[in-house]
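The structure appears right after this line, and notes come after that.
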C-alpha cells in the first residue's frame with residue numbers, strides 16, 4: 001500500500017491569539033503527509049528551494065515519509081505564507097504570500113510515485129492536478145482538494161479534473177460556489193454528477209459530512225477547550241482520511257468511509273492543538289486510537305426505547 | 001407527566017425563495033407546543049387578541065394541547081411578525097414586528113400550569129421568565145431559551161434567570177455573546193457555572209451540541225434536499241427535546257439526554273420541510289420514530305478494526 005500526495009511544501013509565519021511562530025514547516029503536502037504517515041507509506045511530491053534543509057527533511061523522515069520526489073530548485077526559495085487568525089480562529093487573514101519555486105512548479109512523478117495505489121491532489125492549479133492524475137497509472141483511488149480561487153479563475157479546468165477523481169474534499173462554501181446551489185445536499189449531488197462517487201464537505205468547527213450516491217454520514221469536530229492554530233486542519237483531515245483508506249484496502253464501502261471520516265477528524269483535532277504540524281510531530285498511534293474511541297462515545301445514539 | 005410552555009403566540013407573514021404565506025399561525029410557544037405534543041401533555045401560556053379564533057384553537061386542540069391558559073385580551077390584536085429569508089435560508093430579515101397584546105404580557109399561570117412537572121420558558125423578557133419560574137412550584141425541571149436582544153439589553157436579569165433553570169437552549173453566537181468567550185466548550189462551561197447542568201448549543205444547518213459537566217454529544221442536522229422555511233426550527237427542536245424528556249421521567253442522565261437531542265433534531269427536521277408548523281400539523285409519531293432511526297444510521301461509527 002502506498003499513497004502519493006502532490007502539493008505545496010512551505011514555510012509559514014503564523015500569528016494567533018495564543019502565540020506566534022516566525023517560520024515553521026507548512027504547506028498542504030507536508031500536513032497531509034505527516035497525518036497520513038500514521039496509516040500507510042506516503043510519498044510527497046512538491047518543490048523546495050535552497051532554504052529547505054536537513055531539519056525539514058528530518059521532520060518528514062521521522063514519520064517515514066518518502067521524500068525522493070521532493071524537487072529541489074537550486075537558487076530558488078521555498079513557498080512562504082504569513083497569516084494571522086482573529087480571536088474566533090475561523091478565518092485566516094493572509095499577510096504575505098511568496099510563491100517562489102511553487103509558482104513554476106511542474107510536477108514530475110518518479111516511477112515509485114506513479115505506481116502508488118492511491119493519489120491525493122492537494123490544492124494546486126487544476127490543469128496541473130490533471131497532468132499528475134494522467135501520470136499516475138498505478139492509482140486505483142484518486143482524491144482532490146481545491147479552493148475558491150480556482151473555482152473563480154479556472155472553473156472549467158477544475159470541473160474537468162473533478163471528472164477524473166473518486167473523492168472530492170471541499171468546504172461547504174466551496175461546494176456551494178462550485179455548483180451555484182445553496183442547499184448542501186443538492187450541491188454534493190451535482191459534484192457527484194461530475195464524476196466522483198464520494199464528496200466530503202469540510203465544515204471547520206462543525207466537523208465534516210460525507211456524501212455518496214446512497215449514503216450520508218456526519219461527524220462533529222472533536223470538542224476542544226483550546227484551539228491554538230487551525231492551519232493545516234483540512235490537510236491533516238484529508239491525510240488521516242486517505243491514509244486510513246489506503247491501509248484498509250481502498251474500498252469505498254460505507255463502513256470504511258465512516259472509519260476514514262473518523263480518523264480524519266481525529267487527526268485534525270490533534271493538529272489544531274498546537275502551531276502548524278507541531279502536535280502531529282509528537283503524536284502516537286495510541287493517542288489517535290484513543291481519541292477515535294472518544295469520537296464513538298460522543299456520537300452514539302441509543303435506540304428508541306420501546307413502550 | 002405535563003409540560004407547560006410560556007411564550008409568544010403569533011401570526012406570521014413569511015416569504016422564502018420557495019413561496020410565501022400571508023398569515024399563518026406562529027410564535028415560539030405554538031411551535032414548541034405542537035412539537036412537544038407528540039410526547040407528553042402540553043399546556044400553553046401566552047396572550048392572544050380578537051383576531052385569534054376557532055381555526056387557531058383547532059390546530060392546537062387537534063394535537064391535544066391544553067389552551068386553558070391562553071390569555072385572551074379583548075380589543076387587542078395578536079403578536080404579528082413578518083420576515084423574509086434569502087436563498088441560503090440562514091437568517092431571516094424582519095420586515096415588520098407588531099408586539100400588540102404581547103407587549104403588555106404579564107404571565108398568569110393557572111394551578112394546572114403551575115403544577116406541571118416540566119416548564120419551558122420560551123424567549124421572553126428575562127424578568128418575566130423569572131416570575132413564571134417562581135410561580136411554577138410543581139416544576140421539577142425547567143428550561144429556557146433567549147436571544148441576542150436580551151443578552152444586550154437585559155444581561156444581568158438574564159444571568160439571574162439562567163441561575164434558576166436546569167437547561168439552557170441558545171445558539172452558538174448567543175452563547176459566545178453571553179459569556180464573551182469565543183471557544184464554545186469554554187462558553188458552555190461558563191453558562192453551567194451560572195447554575196444550569198445542561199447547555200444545548202443550537203447550530204442551525206449544522207445541528208446541535210449538548211454539554212453537561214462531564215459529557216458532550218453532537219448531532220448533525222438531518223440532511224434535507226428541500227428546506228422550505230426555517231421558522232420555528234429552534235422551538236420545535238426544544239419541543240421535541242423537552243417533550244421526550246418529560247415522557248422519559250425527566251432524568252438528566254446521558255442516555256436520556258442523547259435521545260432527547262435526537263428527538264429534538266427529528267422534530268426540527270420535519271418543521272423546516274414546510275411553512276410555519278404546517279408539516280408538524282400533518283406529522284405522525286410513526287414518521288418521527290422512523291426518522292429517529294435514520295438519525296442513528298447516519299451517525300453510527302464502527303469500532304476501530306483490530307489488526
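Protein chains in written order, with this note's numbering: chain A, 1 to 307; chain B, 1 to 307.
A virtual CB, placed ideally from N, CA and C, is assigned to each residue, including glycine.
Keep in mind the model is a prediction, meaning the values are calculated, not measured.
A contact is defined here as three or more CB-CB pairs under 8 Å, and the stretch 104-123 of chain A meets this definition with respect to the stretch 2-14 of chain A.
Residue contact check for residue 112(B) against chain A: no CB pair falls below 7 Å.
With fewer than 16 other Cβ atoms inside 10 Å of its own Cβ, residue 97(A) counts as exposed. Of the candidates 245(B), 301(B), 230(B), 136(B), the residue whose Cα lies closest to the Cα of residue 207(B) is 230(B). Scanning chain A for C-beta atoms nearer than 8 Å to the C-beta of residue 203(B) yields 206, reported in chain order. As a beta-bridge residue in DSSP terms, residue 171(A) pairs with 202(A). Counting along the chain, residue 275(A) sits inside no beta strand (DSSP E), nor does DSSP assign it H or E at all. In this structure, residue 95(A) sits near residue 83(A), with a CB-CB distance shorter than 7 Å. Our two residues, residue 216(B) and residue 137(A), have alpha carbons roughly 45 Å apart in a direct line. Here residue 236(A) has 31, 35, 267, 268, 271 as same chain residues with Cβ atoms under 6 Å from its own Cβ, once five neighbours each way along the sequence are excluded. Beyond the five residues adjoining it in sequence on each side, residue 264(A) comes within less than 6 Å, by CB distance, of 237, 240, 241 in the same chain, given in chain order. Counting C-beta pairs closer than 8 Å gives fewer than three between the stretch 182-198 of chain A and the stretch 270-285 of chain B, which falls short of the contact rule. Of 203(B), 218(B), 205(B), 155(B), the smallest CA-CA separation from residue 191(B) is found for 155(B). Residue 185(A) is positioned such that its CB atom lies closer than 7 Å to that of residue 223(B). DSSP places residue 45(A) within a strand segment (E or B) once states are collapsed to three. 87, 88: these are the residues of the stretch 82-95 of chain A whose beta carbon lies less than 7 Å from some beta carbon of chain B, given in chain order. For residue 14(A), the closest Cβ of chain B is not nearer than 7 Å. The Cβ atoms of residue 261(B) and residue 219(B) sit closer than 7 Å to each other. In the structure shown, residue 135(A) falls within a helical segment according to DSSP collapsed to helix, strand and coil.
Bounds of the alpha helix (DSSP H) holding residue 294(B) are 285-299. Beta-carbon to beta-carbon, residue 67(A) and residue 10(A) are separated by about 15 Å, too far to satisfy the 8 Å threshold. In this structure residue 122(A) touches residue 29(A) by the C-beta definition: roughly 5 Å separates them, less than 8 Å. Within the stretch 244-255 of chain A, the residues whose Cβ lies closer than 8 Å to any Cβ of chain B are, in chain order, 248, 255. A direct Cα-Cα distance of roughly 43 Å separates residue 48(A) from residue 209(B). Beta-bridge partners of residue 19(A) (DSSP): 16(A).
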